[in-house]
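Just so you know, we're using this note's numbering here: the sequence shown kicks off at 104 and counts up by one.
Each residue gets a CB set at the ideal place from its N, CA and C atoms; glycine is no exception.
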Amino acid sequence: MPTKTFLFRDQRGFTLIDILFVVGLIGVLCSMALPGLTRARGAAQASSALGTLRVINSAQLSFAITCGLGFYAPDLQTLGMKPPSATDAFLAPELSSAATVTKSGYSFTTAGTALAGAPGSCNGLGPGAAAPGYFATADPLDTTQAPRFFGTNADGAIFEDTTSLNGVMPETGAPASGAPIK
Numbered sequence: 104m105p106t107k108t109f110l111f112r113d114q115r116g117f118t119l120i121d122i123l124f125v126v127g128l129i130g131v132l133c134s135m136a137l138p139g140l141t142r143a144r145g146a147a148q149a150s151s152a153l154g155t156l157r158v159i160n161s162a163q164l165s166f167a168i169t170c171g172l173g174f175y176a177p178d179l180q181t182l183g184m185k186p187p188s189a190t191d192a193f194l195a196p197e198l199s200s201a202a203t204v205t206k207s208g209y210s211f212t213t214a215g216t217a218l219a220g221a222p223g224s225c226n227g228l229g230p231g232a233a234a235p236g237y238f239a240t241a242d243p244l245d246t247t248q249a250p251r252f253f254g255t256n257a258d259g260a261i262f263e264d265t266t267s268l269n270g271v272m273p274e275t276g277a278p279a280s281g282a283p284i285k
């Protein structure tokens with residue numbers, strides 16, 4: 104009697120439906136994680152902005168004590184100029200390369216109103232160019248991800264607001280809007 108040979112189909116591997124299910128599941132998990140990732144990115148950028156404003160405050164104070172004879176630098180570029188006897192400038196080149204610099208998703212600006220009677224500084228700032236006060240602001244580049252605006256001044260306190268403090272931040276004292284960060 105002849106024997107019948109049955110060929111069984113190999114059951115190893117994935118079917119198309121299995122692969123589509125896994126890809127769909129990964130897509131759902133990614134879409135659930137994306138808002139949290141966006142919030143974390145915005146919080147990290149805001150923390151970096153606060154750190155940068157603290158660095159600017161420190162650089163301004165160092166400038167006023169050691170080089171400005173009690174006066175502050177009117178802009179970021181002045182803080183980037185190295186005094187003749189120093190090994191480093193008051194501010195790193197990435198923060199002092201222009202009047203407005205971009206770092207970690209924020210745009211930083213510093214300004215001070217020059218006082219005509221101010222003496223020249225040790226790093227080449229001419230007489231009458233230093234300021235009795237200053238302000239520095241940090242505005243986010245993408246306001247949908249990080250709607251936090253920051254500002255500081257010669258008092259050293261950092262303020263936060265939901266709108267830009269550029270143009271409303273005084274050189275000393277509290278701004279008209281915004282809350283101090285503790």
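**Which listed residue (Ala217, Arg251 and Ile122) has its alpha carbon closest to that of Thr266** = Reading the sequence shown from its first residue, position 163 is the one you call residue 266. That would be Arg251, whose Cα lies nearest to the Cα of Thr266.
**Prompt:** Rounded to the nearest angstrom, how far is the Cβ of Thr155 from that of Lys206, given a contact under 8 angstroms?
**Reply:** Stepping through the sequence shown from its first residue, residue 155 is reached at position 52. Stepping through the sequence shown from its first residue, residue 206 is reached at position 103. Confirmed, Cβ separation roughly 6 angstroms.
**Request:** Might you give, ordered along the chain, the residues of its own chain that have their beta carbon closer than 7 angstroms to the beta carbon of Gln248, omitting 5 neighbours on each side?
**Result:** By 1-based counting over the sequence shown, the position of residue 248 is 145. Once the five neighbours on either side are set aside, the close Cβ partners of Gln248 are Thr141, Arg144 and Gly145.
**Prompt:** For the candidate residues Gly208, Cys170 and Ala162, whose alpha-carbon lies nearest to that of Ala239?
**Reply:** Mapped onto the sequence shown, residue 239 falls at position 136. Answer by Cα proximity: Ala162.
**Message:** Let's test the definition: count the other Cβ atoms within 10 Å of the Cβ of Ser224 and tell me whether it reaches 16, buried, or not, exposed.
**Reply:** Locating residue 224 in the sequence shown gives position 121, counting from the first residue. Buried, since its Cβ has 16 or more Cβ neighbours within 10 Å.
**Asked** Looking at Thr212 and Asn160, is the spacing between their C-beta atoms short of 9 angstroms?
**Response** By 1-based counting over the sequence shown, the position of residue 160 is 57. By 1-based counting over the sequence shown, the position of residue 212 is 109. No, Cβ-Cβ distance for Asn160 and Thr212 is not below 9 angstroms.
**Member of Ala214, Gly259 and Ala189 whose CA lies at the smallest distance from the CA of Ala201** = Here residue 201 refers to the residue found at position 98 when the sequence shown is read from its first residue. Of the listed residues, the one whose Cα sits closest to Ala201 is Ala214.
**Asked** Under three-state DSSP, which class holds Ser210?
**Response** As a first step, residue 210 must be located in the sequence shown, where it is residue number 107. Ser210: strand per DSSP, three-state reduction.
**Item:** Segment contact flag, the stretch 163-176 with the stretch 184-196, C-beta cutoff 8 angstroms, min 3 pairs
**Value:** yes
**Asked** Under a Cβ-count criterion, where at least 16 other Cβ atoms within 10 Å of its own Cβ denotes burial, should Ile284 be classed as buried or exposed?
**Response** Residue numbering aside, residue 284 sits at position 181 when the sequence shown is read from its first letter. Exposed, by the Cβ-count rule.
**Request:** Starting from the C-beta of Cys170, find all residues in its chain whose C-beta is less than 7 angstroms away, skip the five residues before and the five after it, and write them out in chain order.
**Result:** One-based indexing of the sequence shown puts residue 170 at position 67. Correct list, in chain order: Pro186, Ser224, Cys225 and Asn226.
**Prompt:** How many angstroms separate the CA atom of Asp264 from the CA atom of Ser151?
**Reply:** Along the sequence shown, read from residue 1 onward, the residue named residue 264 stands at position 161. Along the sequence shown, read from residue 1 onward, the residue named residue 151 stands at position 48. Each residue's alpha carbon lies about 16 angstroms from the other.
**Prompt:** Can you give the beta carbon distance from Phe253 to Leu153, rounded, assuming they're within the 8 angstroms contact cut?
**Reply:** For the purposes of this step, residue 253 is taken as residue 150 along the sequence shown, with counting starting at 1. For the purposes of this step, residue 153 is taken as residue 50 along the sequence shown, with counting starting at 1. Yes, Phe253 and Leu153 are in contact; Cβ-Cβ is about 6 angstroms, under 8 angstroms.
**Prompt:** Taking buried to mean at least 16 other C-beta atoms within 10 Å of its own C-beta, is Met135 buried or exposed?
**Reply:** Here residue 135 refers to the residue found at position 32 of the sequence shown. Exposed.
**Message:** I'd like to know whether the C-beta atoms of Leu316 and Ala217 end up nearer to each other than 9 angstroms.
**Reply:** The chain is shown only over 104 to 285; residue 316 falls outside these bounds and no answer can be derived.
**Message:** Give the list of continuous alpha helix (DSSP H) stretches no shorter than 4 residues that lie fully inside the stretch 151-237.
**Reply:** 179-182 and 196-199
**Asked** Quick one, which of Gly220, Ser165 and Thr246 has its alpha-carbon nearest Gly259's?
**Response** Locating residue 259 in the sequence shown gives position 156, counting from the first residue. If we check each option's Cα against that of Gly259, Ser165 comes out closest.
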